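Have a look at the structure below, then the notes.
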Ligand code: ASP
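And the structure:
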């Protein structure tokens, strides 16, 4: 007889788990003990579903690296017991948490599917019901006793995406997430269509959980008219280890000498500066234009086609590993969890 598939559902907070308080009419998180009353369809799954709720529940705007660690530890503790994990999370910072988890969970060989919703489960027109039910189905999918999606991903409104390729791009449409630089892992319609050759392969090695996320990082978004004081005050933050420089187009920045001199000064002091484009789609190509050639010469690291969310969490993870500068720079150029396109 086939063994029953077991999934751990981790509820962290966010809109999905809300219902309208009948007395006040305002939204409040519902008690997951009553989840089968809220979504009776869950009873029809032939999987063993267990629930873990964060205490307190967190609106995802309040998510911190410490919560990512909590999440990673829950998965680590339950890794052998369950076949897969579904994480219910607010959509606002879901791409950050899910990207972070992708780096923290090395040798992940089981699905970790994040989902949430734009409308609460307790609202008639909710998108949460479909997102939740399909996320369960995706996390349970396996072939020859091997999970079909052994990676951290986000399921939202018909699409399963690699977590560290996503960004929230719409605050009100049901399809709130995009994966601009990588194909979706599965399309969900009448059928669940897996894009198998885009899904990471399991390596069957032992899970290693990295918990040392170093937040001594900053993001500096360029804009026409940015002043010396702004650039200097960000790059000069005492103790700062890395800055994501959000550049224009394919990684371009002003060529004014004061700007380049500040970047050079702090790079020489050991600050890592990573070039990530403000454009959602496409890649940084340092050296394509004169306006990025200088950045390359100074030693700015190209973030290529990484999202800001992936770059930020990858940097936090690598800083926490205490690598030599040479190694840090080399690994920023490698794909660790499919977060960057390397040819
Ligand atoms: N503010 C909510 C959150 O991110 C929005 C959502 O769940 O979609 O927690």
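In the working numbering, the protein residues as written are 1319 to 1661. We put the beta carbon where it would ideally sit given N, CA and C, even for glycine. Quick caveat: nothing in here was measured; it's all calculated off a predicted structure.
What is the residue span of the alpha helix (DSSP H) that residue i lies within?
i            : result
residue 1413 : 1412-1422
residue 1338 : First-last for residue 1338: 1336-1338, but that is the beta strand (DSSP E), not the alpha helix (DSSP H).
residue 1628 : 1626-1637
residue 1581 : 1575-1586
residue 1555 : No alpha helix (DSSP H) holds residue 1555; DSSP gives it neither H nor E.
residue 1389 : 1383-1396
residue 1354 : 1353-1356
Kindly examine the ligand ASP and report whether one of its heavy atoms sits closer than 8 Å to the Cβ of residue i.
i            : result
residue 1334 : yes
residue 1376 : yes
residue 1408 : yes
residue 1620 : no
residue 1342 : no
residue 1485 : no
residue 1444 : no
residue 1434 : yes
residue 1412 : yes
residue 1417 : no
residue 1331 : yes
residue 1420 : no
residue 1642 : no
residue 1379 : yes
From the DSSP output, which residues share a beta bridge with residue i?
i            : result
residue 1373 : According to DSSP, residue 1373 bridges with nothing at all.
residue 1505 : 1477 and 1511
residue 1366 : 1324
residue 1402 : 1325
residue 1619 : 1592
residue 1433 : 1406
residue 1642 : Note: residue 1642 sits in no beta bridge, so no partner.
residue 1461 : 1464
residue 1485 : 1496
residue 1470 : 1430
residue 1570 : 1566
residue 1526 : 1424
Could you please give the first and the last residue of the uninterrupted beta strand (DSSP E) stretch that includes residue i?
i            : result
residue 1594 : 1590-1595
residue 1535 : 1535-1539
residue 1542 : Looking at the DSSP string, residue 1542 is not in any beta strand (DSSP E), and its letter there is neither H nor E.
residue 1562 : 1560-1565
residue 1345 : 1345-1347
By the 10 Å Cβ neighbour count, where 16 or more other Cβ atoms means buried, how is residue i classified, buried or exposed?
i            : result
residue 1483 : buried
residue 1344 : exposed
residue 1436 : buried
residue 1499 : buried
residue 1541 : exposed
residue 1445 : buried
residue 1514 : exposed
residue 1322 : exposed
residue 1335 : buried
residue 1504 : buried
residue 1526 : exposed
residue 1595 : buried
residue 1621 : buried
Check whether the Cβ of residue i lies closer than 9 Å to any Cβ atom in chain D.
i            : result
residue 1563 : No chain D appears in this structure, which consists of one protein chain only.
I think residue i touches residue j, with their Cβ atoms under 8 Å apart; what is that distance to the nearest whole Å?
i            : j            : result
residue 1370 : residue 1361 : The pair is not a contact, with the Cβ atoms about 19 Å apart (cut-off 8 Å).
residue 1516 : residue 1424 : Not confirmed; about 20 Å, so no contact.
residue 1431 : residue 1473 : 5 Å
residue 1563 : residue 1618 : 7 Å
residue 1333 : residue 1408 : 6 Å
residue 1591 : residue 1581 : 6 Å
residue 1327 : residue 1359 : The pair is not a contact, with the Cβ atoms about 14 Å apart (cut-off 8 Å).
residue 1486 : residue 1412 : 7 Å
residue 1434 : residue 1325 : About 17 Å; that fails the 8 Å criterion.
residue 1546 : residue 1576 : 5 Å
residue 1301 : residue 1417 : It is not possible to answer for residue 1301, since the shown part of the chain is limited to 1319 through 1661.
residue 1614 : residue 1658 : Actually they are not in contact, since the Cβ atoms of residue 1614 and residue 1658 sit about 17 Å apart, beyond 8 Å.
residue 1501 : residue 1467 : Actually they do not touch by this definition, with Cβ atoms about 14 Å apart.
residue 1589 : residue 1560 : 7 Å
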